[in-house]
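So the sequence shown is residues -12 to 503, counted in the numbering used here.
Even for Gly, the Cβ is constructed at its ideal location relative to N, Cα and C.
In what follows, a single structure is set out as structure tokens and then discussed.
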Amino acid sequence: MKTIVLGIILSVIAISAYESQDAFAHHISSNVDVSATPMKMSIAGDFLYVSHVSENKISVIDTRTDLLYKEITTSGGLIAVEAIPEKNKIYAAIFESDGVDVYAADTGLYEKTIILPDAELLQVSTSNQGYSQRGTFSFLTGGWALDYNPNNELLYVASYNGDVIYVIDTNVDQVGETITVADDPYTVKVDTVTDKVIVASLAGNAVTILTPVELSSSPGNFEHEISSELKTGSAPWCLDIDSINHLAYVSHRGSSYLSVINIIDEVEVAQIPLSGRVQCVAVDEVEHMVYTTLFTSNDLVKINGETFEIIDTIEVESSTWDLIVEPKSHKIYASYQGDDRIAVLSPESYRETLPVITQETPVLVVGHIIVHGQDVRVFAPNLVIEESSIVAGLVSSDGGNLSVQIPRSLLVSEQGDDDTKFSVMVDGNSVTVNEIQGNDKYRDISFFVPEKSTSLEIKGSDVLPAPKQSVSDGWTEAQIMCQEKVWIESTNGKIACVSGSTALKLEERGWGTILE
């Protein structure tokens, strides 16, 4: 009878969890109204910086509250922005100018303009008049994309019409190097592990990889050389990098796939087919997830960055110009150029207090754990006495972080008087465990749960529970054939028969009394 009751309880919990699994993905949690035509974005510390091409503004959003924190007035509309809090600087690539502006991060005040060499371009008239009547006109071109490498303190500037990458030394705020690349470099990104620089050139149909090389004539000083130029597809447009896995993901305006480049070997290793031409791409390096949006729809596609499989498609509300991932919260920010707002997409968050029951009879609630999951839910936690572990079911359609608060009165992992790490298995595979915090009453651990995981085991060194309540109906000797097992009575007056070893453990831990 107890087995039936327990089965019903577990079934109800499991069904309720699985009914909600469609919600286990990013969803639009809020929108932040900003100035006109938000363009490219960057994140530094707790703030998101947004450029605006139609207004002389940088919007600064506090990622902890997802509220507009302040606006910085600039000398012109800008395409890209990059903040370096440790230097108290914000760099702004002003549209159709010959420089990159520098502003103080704390006050927002203008400090200087870094002049870009040869930013004034001469263009010959293409009129149908005779050669003697044709003239020339000039225009200014500036930065179209910015990215900073904290390792060498260099800021990289992609000059779209100038077909070059400028390298700015942020210690003196001067251009130290100018590198010619394929036509119309639209995006530049730094791999902070290898210090390689990846450039996507729209008209040049090429992805250029720049590698810093030490100068033989000046030890300790470097210059960049083109180590590879890859033909990945039609009109490379946007890219982002997973530095941990040494992969770059490149979108194209003319190809319906995402190109994957191995940065170490400098070769294309995969093409991920999509339902349309890809607009922008952002990578979550912690979870190794890749997010892209399409030109042809308002879909945001989530891709497993290790298997290259599409996990989910999320509908957003407008055409997205740029995407960026906040690494701590795993929130996604999308700039809606036509709607003058930034959409915030958050993982589904669950915080639940779950009763832990014994697998062995008599079935008792012996304590509670508190679980906090992002796109992960836990159900039906059981205490396994003989294994000194808690086992539970998981629902995680696309993976996420999970923290578990474990009372010391329930499960411990100790050697002598010292805490040792809990061993955590997800689907039978060991995972890396981080200790968040703890005190004399509980320990709090966290770990990443891969997509489509179904089972969890947290193993300690001993179980030390005290009984809370029974979850079963009372039963008598007449209802059970004990055969060669041992009768035991719980502290709530419930009677069961169990194996001898289990009976001793139950009595030892104060759950009941062995009946002679």
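Since residue i and residue j are thought to touch, with beta carbons under 8 Å apart, how far apart are those beta carbons, to the nearest angstrom?
i, j, result
"D229", "H275", "6 Å"
"L332", "I344", "Not a contact, Cβ separation roughly 36 Å."
"N232", "E438", "Wrong, their Cβ atoms sit about 16 Å apart, outside the cutoff."
"V254", "Y236", "Incorrect: roughly 14 Å between the Cβ atoms, too far for contact."
"T61", "N43", "5 Å"
"L281", "V353", "Rounded, the Cβ-Cβ distance is 51 Å, inconsistent with contact."
"V37", "I48", "7 Å"
"G130", "V200", "With 8 Å as the limit, G130 and V200 do not qualify as a contact, their Cβ atoms being about 24 Å apart."
"F434", "N421", "7 Å"
"V508", "L245", "Because the chain spans -12 through 503 in this model, residue 508 falls outside it and cannot be assessed."
"V391", "I356", "6 Å"
How about residue i and residue j: are their beta carbons less than 8 Å apart?
i, j, result
"A187", "Y173", "yes"
"V154", "Y143", "yes"
"S383", "E444", "no"
"S214", "S242", "no"
"K183", "I196", "yes"
"K27", "A67", "yes"
"G63", "S84", "yes"
"I372", "R430", "no"
"K428", "R395", "yes"
"G191", "A169", "yes"
"L202", "E210", "yes"
"E476", "T500", "yes"
"I251", "V19", "no"
"I301", "L287", "yes"
"V265", "S238", "yes"
"L96", "A79", "no"
"K315", "D299", "no"
"V303", "I15", "yes"
Give me whichever residues DSSP pairs with residue i in a beta bridge.
i, result
"Q28", "A small correction: the amino acid at residue 28 is Met; Gln does not occupy that position in the sequence shown. M28 is bridged to V37."
"T167", "V151"
"P394", "Y429"
"H211", "P199"
"L310", "A321"
"F435", "N388"
"L493", "In the DSSP output, where bridge partners are listed per residue, L493 has none listed."
"T280", "L287"
"H275", "Answer is none; H275 lacks a bridge partner."
"A132", "A145"
"N192", "Its beta-bridge partners do not exist; DSSP assigns none."
"I357", "T340, Q392"
Specify the secondary structure class of residue i as computed by DSSP and reduced to three states.
i, result
"K428", "coil"
"G380", "strand"
"T407", "coil"
"A222", "coil"
"S238", "strand"
"S510", "As shown, the chain starts at -12 and ends at 503. That puts residue 510 outside it, with no answer to give."
"L142", "strand"
"K176", "strand"
"L103", "coil"
"P368", "strand"
"K446", "strand"
"T334", "Thr is not the amino acid found at residue 334; the sequence shown has Pro there. Of the three classes helix, strand and coil, the one that applies to P334 here is coil, per DSSP."
"Y73", "At residue 73 the sequence reads Glu, which differs from the Tyr that was named. Helix at E73."
"R328", "strand"
"T463", "Low confidence applies here, because T463 scores a pLDDT of 43, under 50, leaving its location unreliable and the question unanswered by this model."
"P342", "strand"
"P534", "For the chain, the structure presents residues -12 to 503; residue 534 sits outside this window and is missing."
"W498", "coil"
"H13", "coil"
"S475", "One point to set straight first is that residue 475 is Ile, not Ser, in the sequence displayed. It is a strand residue."
"T504", "Lying outside -12 to 503, the shown extent of the chain, residue 504 is not represented and no answer is given."
"L54", "strand"
"G63", "coil"
"L261", "coil"
"H233", "coil"
"V98", "Looking at the sequence itself, residue 98 is Glu, so the reference to Val does not match. Reduced to three states, the DSSP call for E98 is strand."
"Q8", "In this prediction, Q8 scores a pLDDT of 33, lower than 50, which makes its location untrustworthy; no coordinate-derived value is stated."
"K44", "strand"
"A91", "strand"
"L451", "coil"
"V247", "strand"
"G415", "coil"
"T300", "strand"
Measure from the C-beta of residue i to each C-beta in chain C and report whether the shortest distance is under 8 Å.
i, result
"E339", "This model lacks chain C altogether; it includes just one protein chain."
Legend entry - Three-pair Cβ contact test at 8 Å for the segment 352 to 360 versus the segment 322 to 331: Too few Cβ pairs lie closer than 8 Å, so no.
Legend entry - Three or more C-beta pairs below 8 Å linking the segment 412 to 425 and the segment 336 to 350: Counting Cβ pairs under 8 Å, fewer than three are found: no touch.
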